[in-house]
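Novice:
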Amino acid sequence: MQIPRSGIGPTAAGLGVGAAACAVLGIADGPPWRIVTLGGAGTLVLLILAAAAVAAGISAVRGLIALAGAGFLAAAVLQLVQIGWTGANLLGGDGSTVALLLGFAVGLLALGLAPAPTADTDVPATGRHDRA
Amino acid sequence: MNTVPEPLGSSRLSRVLLAVCRVTVGLLWIQNLSWKHPPHFGSNSDPPQDLYAWTLNGVKHEVFAPWVWLVEHLIIPNFAVFAWGAFAIEACLGAFLLVGLATRFWAAVGLVQTTAITFSVLNTPHEWFWSYFLMYAVHLALLATAAGRAYGVDGALRPVWRQRGGRLSRVLLSAS
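Chains as they are written, first to last, in my numbering: chain U, 24 to 155; chain V, 13 to 188.
What follows is the structure in structure tokens.
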């Protein structure tokens, strides 16, 4: 279902751009500049999911936004299970990878699964005049 | 004389800077999961390492006597539960603050977690105590400004929650 004009689509696309930008946080060899631990496969998965989130956000189809979020969640769960129980590490990450992927998962799922806004919810996603 | 307080800055620059602040705090929590290694979190090595060693610092370099008692009698005997709990809380802090979802709630959780960390390591040698005071300050700032409304998921969803009504929406409005 396509979203009536609201901040949800652009915010989802923004999360996708942010996820892609996070790939640079894993480039350095160690602290302080390596913020997130990402192996080659982990970086590739992050970029693919980021592209999916951008496409879903631009299309403004809530199901696709939720699907992109589910992809991030699956990657986070895979990373958590592997570092916690199996000893394998397909994505080459650690706890920081789990948290990063979880962030984009919860963000996109919240946007994709939110009740569909109606036309009078046409408020920009800035919070600029938000007084509640 | 006008006694109405001046509103906080709401220019585009102010909101961008607030979002940068929120994302940076999220990354703080995220990066500090790199050295917490499940499932043992350093409890199976000699000498102790990782989260286990830092937890013991709360006893070796006492900050607050009741915290020492708590570590000795509750946390160390149940270290696996505590360690996984800390890992989960810090992963959620990083995740939710990064994207700006339920930001006020997670900023409050960040204050609680900062207190736990402060009680453990404030007096540990070579620690810069201002680190912990600054962690308090930045979480208070995120809480006070509801920072997720600036380029965060909260900003996109609050109009939807407000229109929707219902208990969950009210909770989310308060949390954001």
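Where is the CB? At the ideal position from N, CA and C, for every residue including glycine.
Since we're looking at a predicted model, the values are computed, not measured.
Between U:Thr109 and chain V, is there a C-beta pair that is closer than 7 angstroms?
Specialist: Not one chain V Cβ lies under 7 angstroms of U:Thr109.
Novice: So with Cβ pairs under 7 angstroms, would you call V:Pro51 a contact of chain U?
Specialist: Closer than 7 angstroms to some Cβ of chain U, the Cβ of V:Pro51 qualifies, so yes.
Novice: How would you list, in chain order, the residues of chain V whose beta-carbon sits under 9 angstroms from the beta-carbon of U:Gly65?
Specialist: Residues of chain V passing the Cβ test: none, with the nearest at roughly 13 angstroms.
Novice: Below 7 angstroms CB to CB, which residues in the same chain sit around V:Ala187 once its five sequence neighbours on both sides are set aside?
Specialist: These residues qualify, in order along the chain: Ala114, Arg116 and Phe117.
Novice: Quick check on V:Ser132: buried or exposed, where buried means 16 or more other Cβ atoms within 10 Å of its Cβ?
Specialist: Flag for V:Ser132 reads buried.
Novice: At the level of alpha carbons, what is the spacing between V:Ala153 and V:Val75?
Specialist: Roughly 25 angstroms between the two C-alpha positions.
Novice: Which residue marks the beginning of the alpha helix (DSSP H) containing V:Glu102, and which one marks its end?
Specialist: Taken as a continuous stretch (DSSP letters only), the alpha helix (DSSP H) holding V:Glu102 covers Phe91 to Val111.
Novice: What is the DSSP secondary structure of U:Val59, counted as helix, strand or coil?
Specialist: Note: U:Val59 maps to coil in three-state DSSP.
Novice: At the level of alpha carbons, what is the spacing between U:Thr34 and U:Gly49?
Specialist: Rounded to the nearest angstrom, the two C-alpha atoms are 24 angstroms apart.
Novice: With a threshold of 7 angstroms between beta-carbons, can U:Ile88 be considered close to chain V, or not?
Specialist: U:Ile88 does not count as touching chain V.
Novice: Do U:Gly115 and U:Gly62 have their CB atoms nearer than 7 angstroms?
Specialist: Contact flag set, yes.
Novice: What I want to know is whether the C-beta of U:Gly135 ends up closer than 6 angstroms to one or more non-hydrogen atoms of the ligand MN.
Specialist: Here there are no bound small molecules, and the ligand MN is not part of this structure.
Novice: Check distances from the C-beta atoms of the stretch 121-134 of chain U to those of chain V and list, in chain order, the residues that come in under 8 angstroms.
Specialist: Cβ contacts with chain V come from Val121, Ala122, Leu123, Leu125, Gly126, Phe127, Ala128, Val129, Gly130, Ala133 and Leu134.
Novice: Could you check whether the Cβ of U:Gly49 sits closer than 7 angstroms to any Cβ belonging to chain V?
Specialist: No, its Cβ sits nowhere closer than 7 angstroms to a Cβ of chain V.
Novice: I'd like the list of long-range same chain contacts for V:Tyr64, defined as Cβ closer than 7 angstroms, with 5 residues on each side in sequence excluded.
Specialist: Result list for V:Tyr64: Phe53, Gly54, Ser55 and Phe91, in chain order.
Novice: Which residue comes first and which comes last in the alpha helix (DSSP H) that contains V:Tyr176?
Specialist: It is Arg, not Tyr, that sits at residue 176 of chain V in the sequence shown. From DSSP, the alpha helix (DSSP H) with V:Arg176 extends over Val165 to Arg176.
Novice: Leaving out the 5 sequence neighbours to the left and right, which residues in its chain are closer than 7 angstroms to V:Trp79 when beta-carbon positions are compared?
Specialist: Counting only Cβ-Cβ distances below 7 angstroms, and skipping sequence neighbours, we find Gly70 and Phe131.
Novice: Give the secondary structure of U:Val84 by DSSP, where H, G and I count as helix, E and B as strand, and everything else as coil.
Specialist: Three-state DSSP puts U:Val84 in a strand.
Novice: Consult DSSP for U:Arg154 and reduce its assignment to one of helix, strand or coil.
Specialist: Note on U:Arg154: pLDDT 48, under 50, position unreliable in the model; no value is reported.
Novice: For U:Ala36, which three-state DSSP category applies?
Specialist: Here U:Ala36 sits in helix by DSSP.
Novice: Starting from the beta carbon of V:Gly177, find every residue of chain U whose beta carbon is closer than 8 angstroms, and list them in chain order.
Specialist: Under the 8 angstroms cutoff, chain U gives no residues; its nearest Cβ is about 10 angstroms from V:Gly177.
Novice: Under a Cβ-count criterion, where at least 16 other Cβ atoms within 10 Å of its own Cβ denotes burial, should V:Pro171 be classed as buried or exposed?
Specialist: Buried, because 16 or more other Cβ atoms sit within 10 Å of the Cβ of V:Pro171.
Novice: Since U:Ala98 and U:Val68 are thought to touch, with beta carbons under 8 angstroms apart, how far apart are those beta carbons, to the nearest angstrom?
Specialist: The pair is a contact, with the Cβ atoms about 6 angstroms apart (cut-off 8 angstroms).
Novice: Just list the alpha helix (DSSP H) runs in the stretch 104-141 of chain U, keeping only unbroken ones of 4 residues or longer that don't cross its boundaries, in chain order.
Specialist: Within the stretch 104-141 of chain U, the complete alpha helix (DSSP H) runs of at least 4 residues are 118-136.
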